[in-house]
Amino acid sequence: MEQKYDGPKIGFHLDAAHRGSDVKAMQEKTGATAVQWYSPGSKATPEDNAGIPAVYVHSNHMTTAIYRNVEKSNKAFRTQLETAAKIGAIGVVLHLVNDATDNDGAKIKQLLKFSPDFKRLKLKLILEPTASTKNYHNATRCLEVESYLKAAFTKKTLAWCFDSAHLHGGGHEMSGDGFLNTLECFRKSLHFPIQLLHLNGSLNALGSGKDSHTVNGEKKGSPMPKKLVAGTPLGLFTMNLDKLGKWADTNHVDIIVEQRIFPLVDATTASVCKEIVSAIRRGIN
209 MEQKYDGPKI GFHLDAAHRG SDVKAMQEKT GATAVQWYSP GSKATPEDNA
259 GIPAVYVHSN HMTTAIYRNV EKSNKAFRTQ LETAAKIGAI GVVLHLVNDA
309 TDNDGAKIKQ LLKFSPDFKR LKLKLILEPT ASTKNYHNAT RCLEVESYLK
359 AAFTKKTLAW CFDSAHLHGG GHEMSGDGFL NTLECFRKSL HFPIQLLHLN
409 GSLNALGSGK DSHTVNGEKK GSPMPKKLVA GTPLGLFTMN LDKLGKWADT
459 NHVDIIVEQR IFPLVDATTA SVCKEIVSAI RRGIN
């Protein structure tokens, strides 16, 4: 029996070096109900995520060589899928291939061979367009990707993830209601659902084709912002987080604040992270 939906899950991104104690501290100090692990190792256990309703795995960036059918990467990706299933993940986030010349979908079709793995492990393949795949930042190109995969995947095994920094780099305005308007255009156009949102600030210009994420609001090494600006953490544009929460609730979409926030659970950082979660939840009925 499918679990009853009880609202969007909101949480943060953890690197492979983090452990279960970090998840517990994050949950207690920020009120997070979701976690995204980057390439968790074979030592990861279900206990690492105890009490977290929504767990996602972000695949190692090196595994994108699966689009070129590199056997070593194929094997590594399958290992990541096994680990994701073991720790109770909903799905595995994978960046789309960075090749605008893939006009016949040959590289995208490399994903077809993994369809049985996702079905067997009861995982979702969650595709994330990046800013350098600018052609994928419009619904027409995303629909092309879907057309290559639709025969092998279902709505239970394939979904989308959209990242605010990637969309910004692809030419979409993220401030104010820009993020919401863009998401709604994609939602209405696509066959497969939007499963996950990544909130990131960007160090690059609008439409630059680049997506260098902000760290602690600005750049690596900068101090964590101690306040919110217009209800939004510094570095996350000036998007309306309460409206974002309402949209996510209506459309059953989870949210990961992915931009690197270090250290995640010291007093100052935890306070701001808790405000982020609270701001998003204000829009949820």
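So that you can map any letter, position 191 of the sequence shown is 399 in the numbering used here, and since no number is skipped, the others follow by simple counting. Just so you know, even glycine gets a beta-carbon here, dropped at the ideal spot from N, CA and C. Just so we're clear, the structure is a prediction, and the values are computed from it rather than from any experiment.
Residue from the options whose Cα sits closest to the Cα of residue i
| i | options | result |
| --- | --- | --- |
| residue 396 | 379, 412, 350 and 304 | 350 |
| residue 410 | 398, 403, 375 and 305 | 375 |
| residue 389 | 263, 239, 447 and 264 | 447 |
| residue 252 | 261, 241, 265 and 286 | 265 |
| residue 293 | 483, 360, 267 and 488 | 267 |
| residue 360 | 290, 327 and 488 | 327 |
| residue 200 | 480, 403, 445 and 381 | Nothing can be reported for residue 200, as the shown portion of the chain is limited to 209 through 493. |
| residue 400 | 347, 315 and 382 | 347 |
Neighbour-count burial assignment, residue i, 16 or more Cβ in a 10 Å radius
| i | result |
| --- | --- |
| residue 258 | exposed |
| residue 281 | buried |
| residue 324 | exposed |
| residue 337 | buried |
| residue 283 | exposed |
| residue 475 | exposed |
| residue 393 | exposed |
| residue 421 | buried |
| residue 413 | exposed |
| residue 212 | exposed |
Supposed contact pair residue j and residue i - C-beta distance, whole angstroms, cut 8 Å
| i | j | result |
| --- | --- | --- |
| residue 319 | residue 297 | Actually they are not in contact, since the Cβ atoms of residue 319 and residue 297 sit about 18 Å apart, beyond 8 Å. |
| residue 405 | residue 463 | 5 Å |
| residue 230 | residue 222 | 6 Å |
| residue 313 | residue 352 | 7 Å |
| residue 260 | residue 241 | 7 Å |
Close-in-space but distant-in-sequence residues of the same chain around residue i (CB under 8 Å, 5 per side omitted)
| i | result |
| --- | --- |
| residue 224 | 245, 246, 247, 248 and 249 |
| residue 289 | 300, 322, 325, 326, 329 and 331 |
Contacting residues, own chain, Cβ-Cβ under 6 Å from residue i (five flanking each side not counted)
| i | result |
| --- | --- |
| residue 416 | 377 |
Neighbourhood of residue i by C-beta distance below 7 Å, restricted to the same chain and skipping five residues each side
| i | result |
| --- | --- |
| residue 227 | 256 |
| residue 317 | 356 |
Neighbour flag for residue i against chain C, beta carbons, 8 Å
| i | result |
| --- | --- |
| residue 386 | The structure shown contains no chain C; it holds only a single protein chain. |
- Message: Contact between the region 299–314 and the region 266–286 is defined here as three or more beta-carbon pairs at a separation below 8 Å; is this criterion met?
- Response: yes
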